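> In our numbering, the protein residues as written are 130 to 463. Ideal placement from N, C-alpha and C gives every residue a C-beta, glycine not left out. Values in this document were obtained by computation on a predicted structure and should not be read as measured data. For reference, the structure I am asking about is given below.
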């Protein structure tokens, strides 16, 4: 399993993690490692690289991402997920959060958050989810874009910031999984489905399929702002979701930023349900692969830990990152 995260204006950019059990993750490299790929000079600390997605198809790994305050949406590719990765192919689409879907008929599509119809907002936070055909061999968009979702689950209620779309296929349906409500306390995950990839997509009556916004803010050990989920199917048919969330220590204050969470997914009446049977996101769940022992001697990325580096390799460990692009070597390793 491979996982990528937003890295904003830190360099190298887009960390790539590998795991065999969905629990023990090892940082194996980054997608943006060269100034020729992308330059973060002068960018805000929390700008630049937003919401990457990794996919694999026919021997090639693809990462889609958005360069905020820069070139916009792009794709990089690699035969080895540890790198090196290609220079970016820039996509002429308005919006953020691009995600590739390789259909079983050989066609490829990109879904993404975009502007309202005719770029005329009906309210603050009015966005759309759009789809565009993509030639993954020629690495170019084809045809015209189409709107899959306008506004969100119910536009009459003025839902804000429908974004982070991903498509999965099951039961003969295309399921569109998206974030809604903005990335603060109202963040959520919603689901739509259609028999045709181009729509129409109908929202799940029990949406959202994940949120914490209705829970008491003073509860013990809260996880908040949950959203931007992606789904993964295991070889035995079980499903899990990864999504972002925060662990505030008081109000909306948290030192660890947005973190990555993993929860089970169940399918009920042919709809996905994240964190089934529970309201609160849990700190512990049964291991997805109880027969696999967690890997040892890898860097920890959550909890309380000490970090040690003897600098006995010829290159810096990928755990080391810099604020904005490093354009020349100013360090040496003995």
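Using the rule of at least 16 other Cβ atoms within 10 Å of the residue's Cβ for burial, across every protein chain shown, is residue 172 buried or exposed?
Stepping through the chain shown from its first residue, residue 172 is reached at position 43. Residue 172 is buried by the Cβ-count criterion.
> Rounded C-beta distance between residue 302 and residue 323? I'm assuming under 8 Å.
For the purposes of this step, residue 302 is identified with residue 173 of the chain shown, where counting begins at 1. For the purposes of this step, residue 323 is identified with residue 194 of the chain shown, where counting begins at 1. The pair is a contact, with the Cβ atoms about 7 Å apart (cut-off 8 Å).
> Thinking C-beta only, is residue 161 closer than 9 Å to residue 183?
As a working note, residue 183 is residue 54 in the chain shown. As a working note, residue 161 is residue 32 in the chain shown. No, Cβ-Cβ distance for residue 183 and residue 161 is not below 9 Å.
> Could you give the distance in angstroms between the alpha-carbon of residue 420 and the alpha-carbon of residue 256?
In the chain shown, counting from the first residue as 1, residue 420 sits at position 291. In the chain shown, counting from the first residue as 1, residue 256 sits at position 127. Answer to the nearest angstrom: the Cα atoms are 44 Å apart.
> Are there 16 or more other CB atoms within 10 angstroms of the CB of residue 318, so buried, or fewer, so exposed?
As a first step, residue 318 is located in the chain shown; it is residue number 189 there, counting from the start. Buried, by the Cβ-count rule.
> Taking three-plus beta-carbon pairs below 8 Å as touching, is the region 191-205 in contact with the region 229-243?
Because the criterion of three Cβ pairs below 8 Å is met, the region 191-205 and the region 229-243 touch.
> Can you tell me which of the three DSSP states residue 248 falls into?
Within the chain shown, numbered from 1, the residue matching residue 248 stands at position 119. Note: residue 248 maps to helix in three-state DSSP.
> For residue 179 versus residue 226, is the C-beta distance shorter than 9 Å?
Within the chain shown, residue 179 is the residue found at index 50, counting from 1. Within the chain shown, residue 226 is the residue found at index 97, counting from 1. Yes; because the gap between Cβ atoms is below 9 Å, this pair is in contact.
> Could you say if the region 446-458 and the region 130-139 meet the contact criterion of at least three C-beta pairs nearer than 8 Å?
The region 446-458 vs the region 130-139: in contact.
> Can you name the start and end residues of the beta strand (DSSP E) that residue 177 belongs to?
Indexing the chain shown from 1 puts residue 177 at position 48. Looking at the DSSP string, the run of the beta strand (DSSP E) that includes residue 177 is 177-186.
> For residue 400 and residue 247, I'd like the C-alpha separation in whole angstroms.
For the purposes of this step, residue 400 is identified with residue 271 of the chain shown, where counting begins at 1. For the purposes of this step, residue 247 is identified with residue 118 of the chain shown, where counting begins at 1. When rounded, the distance between both Cα atoms is 32 Å.
> If residue 243 sits next to residue 312, beta carbons under 8 Å apart, how far is it from one beta carbon to the other, in whole angstroms?
Here residue 243 is taken as the residue at index 114 of the chain shown, counted from 1. Here residue 312 is taken as the residue at index 183 of the chain shown, counted from 1. Actually they do not touch by this definition, with Cβ atoms about 17 Å apart.
> Assuming residue 273 is part of the beta strand (DSSP E), what are its boundary residues?
Here residue 273 refers to the residue found at position 144 when the chain shown is read from its first residue. Per DSSP, residue 273 belongs to the beta strand (DSSP E) from 269-279.
> Since I believe residue 221 is in contact with residue 270 (beta carbons under 8 Å), could you give me their beta-carbon distance rounded to a whole number of angstroms?
The residue you call residue 270 lines up with position 141 of the chain shown. The residue you call residue 221 lines up with position 92 of the chain shown. Indeed they touch by this definition, with Cβ atoms about 7 Å apart.
> I'd like to confirm something about residue 143: is its beta-carbon nearer than 8 Å to some heavy atom of the ligand MG, or not?
No copy of the ligand MG appears in this structure; indeed no ligand is present at all.
> Closest to residue 233 by C-alpha separation, out of 186, 209 and 388, would be which residue?
The residue you call residue 233 lines up with position 104 of the chain shown. Measuring from the Cα of residue 233, the nearest candidate turns out to be 186.
> Secondary structure at residue 157, three-state DSSP: helix, strand or coil?
By one-based count along the chain shown, residue 157 stands at place 28. Looking at residue 157 - three-state DSSP - the assignment turns out to be strand.
> So, are the CB atoms of residue 332 and residue 253 less than 9 Å apart?
On the chain shown, position 203 is the one that residue 332 refers to. On the chain shown, position 124 is the one that residue 253 refers to. Cβ atoms of residue 332 and residue 253: not closer than 9 Å.
> Does residue 431 pass the burial test, meaning 16 or more other C-beta atoms within 10 Å, or should it be called exposed?
The residue you call residue 431 lines up with position 302 of the chain shown. Exposed is the call here.
> Please state if the CB of residue 358 and the CB of residue 326 are separated by a distance shorter than 9 Å.
Locating residue 326 in the chain shown gives position 197, where the first residue counts as 1. Locating residue 358 in the chain shown gives position 229, where the first residue counts as 1. Not closer than 9 Å, so no.
> Just the Cα atoms here: how many angstroms apart are residue 230 and residue 296?
Taking the first residue of the chain shown as position 1, residue 230 is located at position 101. Taking the first residue of the chain shown as position 1, residue 296 is located at position 167. Using only the alpha carbons, I get a separation of about 6 Å.
> Compare the C-alpha of residue 96 against each of 329, 438 and 374 and name the closest.
As displayed, the chain neither begins before 130 nor continues past 463, which places residue 96 out of reach and without an answer.
> Using C-beta distances below 6 Å, list every residue in its chain close to residue 206, excluding the 5 sequence neighbours before and after it, in chain order.
Taking the chain shown and counting its residues from 1, the one referred to as residue 206 is at position 77. Taken in chain order, the residues that qualify are 189, 191 and 215.
> Based on Cα-Cα distance, which residue from 447, 448 and 442 lies nearest to residue 462?
By one-based count along the chain shown, residue 462 stands at place 333. Among 447, 448 and 442, the Cα nearest to that of residue 462 is on 442.
> Under 9 Å, do residue 82 and residue 396 count as touching if we go by C-beta distance?
Since the first residue shown for the chain is 130 and the last is 463, residue 82 is missing from the structure and cannot be characterised.
> Could you name the residues that DSSP lists as bridge partners for residue 363?
Locating residue 363 in the chain shown gives position 234, counting from the first residue. Answer is none; residue 363 lacks a bridge partner.
> Is residue 285 helix, strand or coil by DSSP?
Taking the chain shown and counting its residues from 1, one reaches residue 285 at position 156. Here residue 285 sits in helix by DSSP.
> What do you get for residue 292, buried or exposed, if any count of 16 or more other CB atoms within 10 angstroms of its CB means buried?
The residue given as residue 292 occupies position 163 in the chain shown. Per the 10 Å Cβ criterion, buried.
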